[in-house]
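Residues in the sequence shown are numbered consecutively from 1097, following the numbering used here.
Data block below; observations after.
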Amino acid sequence: MRVGLRPATAEDSEFCYRVHRAAMGPYVAEVWGWDEEIQAGFHRRGFEPGRFQVITVDGVDAGMLLVERRPAEIYLGRIALDPPYQGRGVGGRLIGGLLREAAAAGLPLTLDVLAVNSRARALYQRLGFRELGRRGDNGVKIRMRAGPG
1097 MRVGLRPATA EDSEFCYRVH RAAMGPYVAE VWGWDEEIQA GFHRRGFEPG
1147 RFQVITVDGV DAGMLLVERR PAEIYLGRIA LDPPYQGRGV GGRLIGGLLR
1197 EAAAAGLPLT LDVLAVNSRA RALYQRLGFR ELGRRGDNGV KIRMRAGPG
């Protein structure tokens, strides 16, 4: 399996929104309720092609990735895979690469995950992330960190 990344373009907006809905929709619905209009608006306001990358598997678009390289950390802002590509090691492989990059830079890799997303939390814990705290109403988001700091 070849896992790759390519820069997102404006033409990838609909694909990225579809992946978000498929991958995160059940969790968003559980926490806040899914409102198509609200979610589409969040996507339109937040999707900046220059910041996102499209995840490919064997040359096929499979998901999206947003990483912010900050002075004191590398922040994994979003990773979402279309459900047929979940559970196949794609996310672990990409996050492993980010962990190696962060370690080489002497920085932690941080992320936020919805508390109800136990599958993602379990992956992050297997990869060495630890919980730093919870935020949002009723602690719906968990901040996690791996590496220095």
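Glycine residues also receive a C-beta, built at the ideal position from the N, C-alpha and C atoms.
Owing to the predicted nature of the structure, the values given are computational and were not obtained by experimental measurement.
Cβ-Cβ distance between residue i and residue j below 8 Å
i              : j               : result
aspartate 1154 : arginine 1102   : no
alanine 1198   : isoleucine 1170 : yes
glycine 1232   : leucine 1205    : no
alanine 1104   : glutamine 1135  : no
Span separating the alpha-carbon of residue i from that of residue j
i               : j               : result
alanine 1119    : alanine 1176    : 6 Å
tryptophan 1067 : asparagine 1234 : With the chain represented from 1097 up to 1245, any question about residue 1067 goes unanswered, as that position is not in the structure.
arginine 1241   : methionine 1160 : 21 Å
histidine 1139  : isoleucine 1238 : 21 Å
leucine 1210    : proline 1167    : 25 Å
valine 1236     : leucine 1207    : 14 Å
arginine 1222   : tyrosine 1181   : 19 Å
alanine 1106    : glutamate 1144  : 8 Å
valine 1115     : alanine 1218    : 21 Å
arginine 1196   : glycine 1183    : 21 Å
Residues near residue i in its chain [Cβ-Cβ closer than 6 Å; skip 5 each side]
i              : result
glutamate 1164 : Tyr1171 and Gly1173
valine 1124    : Trp1130
leucine 1228   : Arg1239 and Arg1241
Residue of the options minimising C-alpha distance to residue i
i               : options                               : result
tyrosine 1113   : Gly1100, Asp1157 and Glu1126          : Asp1157
glutamate 1132  : Gly1193, Gly1192, Arg1117 and Arg1215 : Arg1117
isoleucine 1191 : Asn1213, Gly1224, Pro1179 and Ser1214 : Gly1224
arginine 1215   : Asp1108, Val1115, Ala1106 and Pro1122 : Pro1122
Beta-carbon contacts of residue i that lie in its chain and below 8 Å, excluding the five residues immediately before and after
i              : result
histidine 1186 : The residue you asked about is not histidine; residue 1186 is valine in the sequence shown. Closer than 8 Å at Cβ, skipping near neighbours: Met1097, Val1099, Ile1151, Val1153, Ala1158, Gly1159 and Leu1177.
arginine 1226  : Met1240, Arg1241 and Ala1242
Residues near residue i in its chain [Cβ-Cβ closer than 7 Å; skip 5 each side]
i               : result
asparagine 1213 : Tyr1123
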